[in-house]
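One structure below.
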Amino acid sequence: MTLTGSQLRPARPAVAAAFVLLTAVTAAAFVPTFAGHVASKDVANVDTTVTDLELATDGSSLAVTFELTNPTDRAIDVTSADLQARAGGERLTRIPGTTVESVTLPARGSRTVVATLEVQDGAADTVRAAIESGDLTVSGQFQAEIGTESVDIDVEGEREASA
Amino acid sequence: MSPPTTPESDSSVVAAVDPTGRVAALLSQVAPGVLVGVVAGMAVFLYTRAPVLPDFAAAWWGLALVTAFGGFAHLLSRTLSGSVRTALVAFAVGFLFNVAAWVAPLWLLSYPPGARDLLLPRVVGRAVTAGILVYPLAFFGGYFVLVVLDGYFDI
Numbered sequence: 000m001t002l003t004g005s006q007l008r009p010a011r012p013a014v015a016a017a018f019v020l021l022t023a024v025t026a027a028a029f030v031p032t033f034a035g036h037v038a039s040k041d042v043a044n045v046d047t048t049v050t051d052l053e054l055a056t057d058g059s060s061l062a063v064t065f066e067l068t069n070p071t072d073r074a075i076d077v078t079s080a081d082l083q084a085r086a087g088g089e090r091l092t093r094i095p096g097t098t099v100e101s102v103t104l105p106a107r108g109s110r111t112v113v114a115t116l117e118v119q120d121g122a123a124d125t126v127r128a129a130i131e132s133g134d135l136t137v138s139g140q141f142q143a144e145i146g147t148e149s150v151d152i153d154v155e156g157e158r159e160a161s162a
Numbered sequence: 000m001s002p003p004t005t006p007e008s009d010s011s012v013v014a015a016v017d018p019t020g021r022v023a024a025l026l027s028q029v030a031p032g033v034l035v036g037v038v039a040g041m042a043v044f045l046y047t048r049a050p051v052l053p054d055f056a057a058a059w060w061g062l063a064l065v066t067a068f069g070g071f072a073h074l075l076s077r078t079l080s081g082s083v084r085t086a087l088v089a090f091a092v093g094f095l096f097n098v099a100a101w102v103a104p105l106w107l108l109s110y111p112p113g114a115r116d117l118l119l120p121r122v123v124g125r126a127v128t129a130g131i132l133v134y135p136l137a138f139f140g141g142y143f144v145l146v147v148l149d150g151y152f153d154i
């Protein structure tokens, strides 16, 4: 039997130490990567609750306050949004016209995000009435990133949640 | 080539379950390959799912680690035949580990009935194609470099 020179034995602790070190590095990177992999498939379950709707005094913009809850084990970076407000099937805000501040949803945590939508010309009164009656729904999506992977968080016809 | 030696065991339980010692011998032969394969599989996953790496890890880590573990398949073996066995077992285990990590969310998350059957072939396909070229090159690249260096310089 051919014996090669390299044998793992106490005389060669450097080989064992190097293997243990690289295993530790690999495992340390694998755990959050796997969490990110699972999170990228679980992003549809991010909870998007609308907690407040506020029309600007001049009627030009609508501020929608969201409570975003991340159910995954990885942080999700919200970067932008495309949202529309509707009432009775009629779209009341411009496309594109959503501005949102960048925010990071921590793993298994919540953040408040305010999205500002541009109201269409002449629709301010309809928006005001729809907010009053609770008929205003917000739908669209937030664009987000897990690591450098782009994911979308869908918002499907959210109404203002009763306090 | 002499047949592999059977490890001695004092345990009567082991002797009762495995009287000829073949199971123990087989386990001791494939154990290094399985060990190296699992960590190599984690490293392949770092490469095939590089977009969701944590901030502290760089995209090249996966390939560098796969190459290194290919080398360790040789370094952790006592004989040349053991080295070949460890490398082949580790390569196969690493491949399967990567695919398993890709499809794991299908069971970790709740999917509607039928969706799993629909998604499984597609996810397996993506997992396989993501590493099919680079994984063998990196793993056996690292392995053969160590075999050649060891054979020539007797390190």
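In the order they appear, the protein sequences are chains A and B.
Per numbering that gives the first Met the number 0, the very first residue in the first sequence carries number 0; after that it's consecutive.
Per numbering that gives the first Met the number 0, the very first residue in the second sequence carries number 0; after that it's consecutive.
In this text, a Cβ means the ideal position worked out from N, Cα and C, and glycines have one as well.
> Does the separation of the CB atoms of residue 36(A) and residue 115(B) fall below 7 Å?
Replying inline: For residue 36(A) and residue 115(B), no; Cβs fall outside 7 Å.
> So, helix, strand or coil for residue 31(B), using DSSP?
Replying inline: Three-state result, residue 31(B): helix.
>> Beta carbons nearer than 9 Å to chain B: which residues of the segment 49 to 72 of chain A have them?
In response: Of all residues in the segment 49 to 72 of chain A, none has a Cβ within less than 9 Å of some Cβ in chain B.
> So who's on the other strand from residue 140(A), going by DSSP bridges?
Replying inline: BP columns for residue 140(A) point to 81(A) and 153(A).
>> Here's a check: name, in chain order, each residue in its chain whose Cβ is nearer than 8 Å to the Cβ of residue 107(A), leaving out the five neighbours to either side.
In response: Taking C-beta separations shorter than 8 Å and ignoring five residues to either side along the sequence, the partners of residue 107(A) in its chain run 69, 70, 71 and 72, following chain order.
>> Output needed in chain order: residues of the segment 47 to 67 of chain B with a Cβ under 7 Å from some Cβ in chain A.
In response: Contact residues of the segment 47 to 67 of chain B toward chain A are 48, 50, 51, 52, 53, 56, 60, 64 and 67 (C-beta to C-beta distance below 7 Å).
>> Let me check one thing: in DSSP terms, what residues is residue 65(A) bridge-paired to?
In response: Answer by DSSP bridge pairing, in chain order: 49(A) and 112(A).
>> Between residue 103(A) and chain B, is the shortest Cβ-Cβ distance under 7 Å, so that the two count as touching?
In response: The Cβ of residue 103(A) sits no closer than 7 Å to any Cβ of chain B.
>> Which residues in chain A have a C-beta closer than 9 Å to the C-beta of residue 44(B)? List them in chain order.
In response: Correct list: 29, 32, 33 and 36.
> For chain A, is any of its Cβ atoms less than 7 Å away from the one on residue 104(B)?
Replying inline: Taking a beta-carbon distance threshold of 7 Å, residue 104(B) counts as an interface residue toward chain A.
> How would you list, in chain order, the residues of chain A whose beta-carbon sits under 8 Å from the beta-carbon of residue 38(B)?
Replying inline: Contact annotation for residue 38(B) against chain A: 21, 22, 25 and 26 [CB-CB distance below 8 Å, chain order].
>> If I measure Cβ to Cβ from residue 164(B) and keep anything under 6 Å in the same chain, skipping five residues before and after, which residues do I get?
In response: Residue 164(B) cannot be examined here, being either before or after the span of chain B that is shown, 0 to 154.
> Leaving out five residues before and five after residue 9(A) in sequence, what residues of the same chain have Cβ atoms less than 7 Å from its Cβ?
Replying inline: Confidence is the limiting factor: at residue 9(A) the pLDDT is only 44, short of 50, which leaves the residue's position unreliable and the question unanswerable from this model.
> What separation, rounded to the nearest whole angstrom, lies between the Cα atoms of residue 84(A) and residue 92(A)?
Replying inline: Their backbone Cα atoms lie some 6 Å apart in a straight line.
> Buried or exposed: which applies to residue 16(A), given that a residue is buried once 16 or more other Cβ atoms fall within 10 Å of its Cβ?
Replying inline: Residue 16(A) counts as exposed, since fewer than 16 other C-beta atoms from the protein chains shown sit within 10 angstroms of its C-beta.
> Taking Cβ-Cβ distances shorter than 7 Å, what residues in chain A pair up with residue 107(B)?
Replying inline: Residues of chain A passing the Cβ test: 37.
>> Please list the terminal residues of the continuous alpha helix (DSSP H) segment that includes residue 130(A).
In response: Per DSSP, residue 130(A) belongs to the alpha helix (DSSP H) from 123 to 132.
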